[in-house]
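Input: a single structure, listed below in structure tokens.
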Amino acid sequence: MSIITLTTDFGTKDHFVGAIKGTIYNELPNARIVDISHEISPFNITETAYILKNAYKSFPEGSIHIIGVDSELNEENKHIALKLDNHYFICPNNGVISLLANEIKPEKIVEINIHDRIETSFPVLDVFVKVACHIARGGKLEIIGKVISEYKKMVELQPKISDDLITLTGNIIYIDNYGNAISNISKKVFEEVRKARNFEIMASKYHFTEIQNKYSDIVDFSLPFDQRQKEGNKLAIFNSANYLEIAIFRSNLKTVGGASTLLGLNYRDTITIKFS
Amino acid sequence: MSIITLTTDFGTKDHFVGAIKGTIYNELPNARIVDISHEISPFNITETAYILKNAYKSFPEGSIHIIGVDSELNEENKHIALKLDNHYFICPNNGVISLLANEIKPEKIVEINIHDRIETSFPVLDVFVKVACHIARGGKLEIIGKVISEYKKMVELQPKISDDLITLTGNIIYIDNYGNAISNISKKVFEEVRKARNFEIMASKYHFTEIQNKYSDIVDFSLPFDQRQKEGNKLAIFNSANYLEIAIFRSNLKTVGGASTLLGLNYRDTITIKFS
Amino acid sequence: MSIITLTTDFGTKDHFVGAIKGTIYNELPNARIVDISHEISPFNITETAYILKNAYKSFPEGSIHIIGVDSELNEENKHIALKLDNHYFICPNNGVISLLANEIKPEKIVEINIHDRIETSFPVLDVFVKVACHIARGGKLEIIGKVISEYKKMVELQPKISDDLITLTGNIIYIDNYGNAISNISKKVFEEVRKARNFEIMASKYHFTEIQNKYSDIVDFSLPFDQRQKEGNKLAIFNSANYLEIAIFRSNLKTVGGASTLLGLNYRDTITIKFS
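Chains as they are written, first to last, in our numbering: chain A, 688 to 963; chain B, 688 to 963; chain C, 688 to 963.
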């Protein structure tokens, strides 16, 4: 039985997520339902794209991913379903899929057209779940939509390379649970532009000339405990999703603080890398 | 195998919810356990009633709903189990069931009387789970309690109609994840009282003479993008649960704000509708 | 099929927990995965130990518990797997297991040594999940690690008894969802030291000479409603985990407050009991 995952901005207090799961179990008693996240900032497409990209590929092929962020149907926000990398995605056509589809070409995209049969003010429950169950039962995408070739792109998700290849400019696209500020600069893009040159990373007023692979790489374990790098030190790191991240060692937003609070790095702020 | 749902004010940090699920799996290895909400404001019966009413009916018939809010047993707070609308509910007799039972008469109610066999300071784990597993195995309610005919009513959940039928007065009973302020005035009650008259809704110092069916109904898509209704505009809407809600278009409590913060609408505040 | 539980400080917004579940389902399609908590304060070993101790024993024997708090591998923080009380635990060797292992001797402990085969910046996903799936398939601990006899101890988790047996001194080790301040003084230790003497509990500037067994034990139900103990009264109680807790009756951190906010009791504060 297929896995159905949920990625929404519904929060976990309201009845929305429970109602969706109940509806899925009504149609598919043996479904395996997995919450990816319900804590996305309301209507934040960039956050959704980042979370989805880093979560989906851990799931088995054939998994069905419902994305309920900014999904109210209107003439400028249609619903789509697509197959990409042998996974299925059901989402609004608002750009949320472009971080994925930019790297891996969708095999098929349909614009969902079952709405004429459905009166709804809760499309994730009434439309997306129905489409997910259809796919889980082996149904074809063409049955629930018409094939389209284009999806809406989000440009802000891509870092920019200067014409002289000296500067790579990205943005903070995500602040994680530890307050770490994650950019849209992937290790792959960084290395392609770098070509073994030296580099300097500028984030707010802070500079970094090294990128760690583990947080504790900044600790010199040969030193006595009280002379070491401690909680509160800043670092640049390629995180487990392979994006450049500005972090605070052993951060805690409720006590010592994190990169977002201590360094003043916020969603959409610029990260600049100069190569020399 | 029956579904067991959990609706509590336990939060998701503490060990309580994990312990409950472990105990259920100990008794019923194939149980399907679904979290409806654990983020209910501590001891808030009204919130619980609203969430439960809007979540339960999405689940298959025969589902068993455990409600762990204000459930410490004492001489004025007994435990009950009931069958209603072909669902089972296990809860304290503190009024939490009255929003449901007001509309659909319970088929059977029992006051749970297995406590003499159970020493407990955690009744949801020790009593409610035991009752849920008993029901899931096909056991009768009479085995774990004595049949009663009445349950505790909560009057505050019902809106009031003036004698001259000109005014309908309700209250905010729930603030949702987006800061939307939801009243206890259902579309059904509204239309019954309205009888096709004009209306004016007053919430705090704000007036509304239209009720939308979708949030984006306030957007005129024929206008250029920069002349449209934008994030931050207020509206009245019948939400997906069919209750009258005062909302902010594309609200976000952490950035632009929501109806609760921008309009100063709080739990228990009055919503008045005048018909003419 | 074994149950795999997750106890982490990852939060539920980021993609980490979803990715872990997807990876488990990839290896074990029929796994039952249970979230114990993902809301642990970042890097807080004491909180983790308290939650884990109170949750694990509700699960069936043979359950596998993944603990992802402060788990980055480095030369002073190795990974271990152990069998204890017929449950399996996979965790960093940072003391998190000592609240459990202090009471029940582990049957076997191994230091995980499969890292040479795994390049990772996300060890819970890449190492702990692999070990959990190995155990779930009936694999032996010796296959994924080398047997060790000692684990790292955490002394702060144990209360201290004065030489004259007059004073028992503990600490707040956990603030729960209601703001209740929970100490490391168990009912068992309290009674062993007390030996039927009188006692006085001091927490901050507050004194208690009674310990309740239920929160509503402070209410005299024979009084009229408006003359009773109400929301906001403080009490000492042995909580459902049998630890001494300083609580506020019907507390709510967002409205009336809780013991942590109203009495100024914080993580690591001292609780002193004098016997006479």
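Here a beta-carbon is modelled for each residue, glycine too, at the ideal position from N, C-alpha and C.
Classify residue i as helix, strand or coil using the three-state DSSP reduction.
i        : result
Leu769/A : strand
Ser785/B : helix
Ile830/C : helix
Lys795/B : strand
Arg719/A : strand
Ser903/A : helix
Phe895/A : strand
Thr854/C : strand
Gly705/B : helix
Asn741/B : helix
His725/A : coil
Gly890/B : For clarity, residue 890/B is Ala in the given sequence; the question names Gly instead. DSSP places Ala890/B in strand when its eight states are reduced to three.
Ala819/C : helix
Leu844/A : helix
Pro747/C : coil
Thr695/C : strand
Phe877/A : helix
Pro779/B : strand
Ala883/A : coil
Asn764/C : strand
Tyr712/C : helix
Lys801/B : Per the sequence presented here, residue 801/B reads as Ile, with Lys not at that position. Three-state DSSP puts Ile801/B in coil, outside helix and strand.
Does the beta carbon of residue i come closer than 7 Å to any beta carbon on chain A?
i        : result
Pro747/B : yes
Ala868/B : no
Gly705/C : yes
Glu726/B : yes
Asn731/B : no
Ala742/B : yes
Lys874/B : no
Ile888/B : no
Can you pull the chain B neighbours of residue i, defined as C-beta to C-beta under 7 Å?
i        : result
Asp863/C : Asp701
Tell me, please, whether the CB atom of residue i is closer than 7 Å to any CB atom in chain C?
i        : result
Ile708/B : Before going further, note that residue 708/B is Lys rather than Ile in the sequence given. For Lys708/B, the answer is yes, since a Cβ of chain C falls inside 7 Å of its Cβ.
Phe815/B : no
Ser808/B : yes
Gly755/B : no
Gly945/B : no
Ser891/A : no
Ala937/A : Per the sequence shown, residue 937/A should be read as Arg rather than Ala. True, the Cβ-Cβ gap to chain C drops below 7 Å.
Gly857/B : no
In chain C, which residues lie less than 9 Å from residue i when you measure between Cβ atoms?
i        : result
Ala883/A : Neighbours of Ala883/A on chain C: none; closest Cβ ~21 Å, over 9 Å.
Tyr712/B : Ile690, Arg719, Val721, Ser745, Phe746, Pro747 and Ser750
Ile799/A : Those do not exist, as Ile799/A stays about 24 Å from chain C at its closest Cβ, beyond 9 Å.
For residue i, which residues from the same chain have a beta carbon less than 8 Å from its beta carbon, with the 5 sequence-adjacent residues on both sides left out?
i        : result
Tyr893/B : Lys921, Ile933 and Leu950
Ile727/C : Thr694, Thr695, Asp696, Glu734, Thr735, Ile738 and Val756
Ser849/A : Leu855 and Thr856
Thr692/A : Ile720, Val721, Asp722, Ile723, Ala742, Tyr743, Phe746, Ser750, Ile751, His752 and Ile753
Asn780/C : Asn764, Lys765, His766, Ile767, Glu798, Tyr838 and Lys839
Taking Cβ-Cβ distances shorter than 8 Å, what residues in chain B pair up with residue i?
i        : result
Gly825/A : Within 8 Å Cβ-Cβ: nothing; Gly825/A doesn't reach chain B, min ~22 Å.
Grab me the residues of residue i's own chain with a C-beta within less than 6 Å of its C-beta, minus the 5 sequence neighbours each way, in chain order.
i        : result
Gly945/A : Tyr865, Gly866, Ile935 and Ser938
Ala742/B : Ile723
Val943/C : Glu918 and Gly919
Ile958/A : Gly857, Ser870 and Ala890
Glu714/C : Cys820
Say whether chain B places a C-beta atom closer than 7 Å to the C-beta of residue i.
i        : result
Pro779/A : no
Ser927/C : yes
What in chain C is Cβ-close to residue i, meaning under 8 Å?
i        : result
Phe908/A : Asn761, Glu762 and Glu763
So which residues on chain A does residue i lean against when the C-beta distance must stay under 9 Å?
i        : result
Glu860/B : Here residue 860/B turns out to be Ile, not Glu, going by the sequence shown. The contacting residues do not exist; Ile860/B stays about 13 Å from chain A at best.
Lys941/B : Ser728 and Pro729
Interface residues of chain C around residue i at Cβ under 7 Å?
i        : result
Gly698/B : Asn864
Quick one: residues in its chain with C-beta nearer than 7 Å to the C-beta of residue i, no 5 flanking neighbours on either side, listed in chain order?
i        : result
Thr807/A : Asp813 and Val814
Ala788/C : Leu771 and Tyr838
Listing by chain order, which chain A residues have their CB less than 8 Å from the CB of residue i?
i        : result
Ile784/B : Neighbours of Ile784/B on chain A: none; closest Cβ ~16 Å, over 8 Å.
Tyr902/B : Glu759
Show which residues of chain A have a CB atom less than 7 Å away from the CB atom of residue i.
i        : result
Asn773/B : By Cβ distance, chain A contributes nothing, its closest Cβ being about 13 Å from Asn773/B, past 7 Å.
Residue ranges of each alpha helix (DSSP H) within the region 918-962 of chain C, 4 or longer: Positions of the alpha helix (DSSP H) runs, each at least 4 residues long and wholly inside the region 918-962 of chain C, are given as 946-949 in order along the chain.
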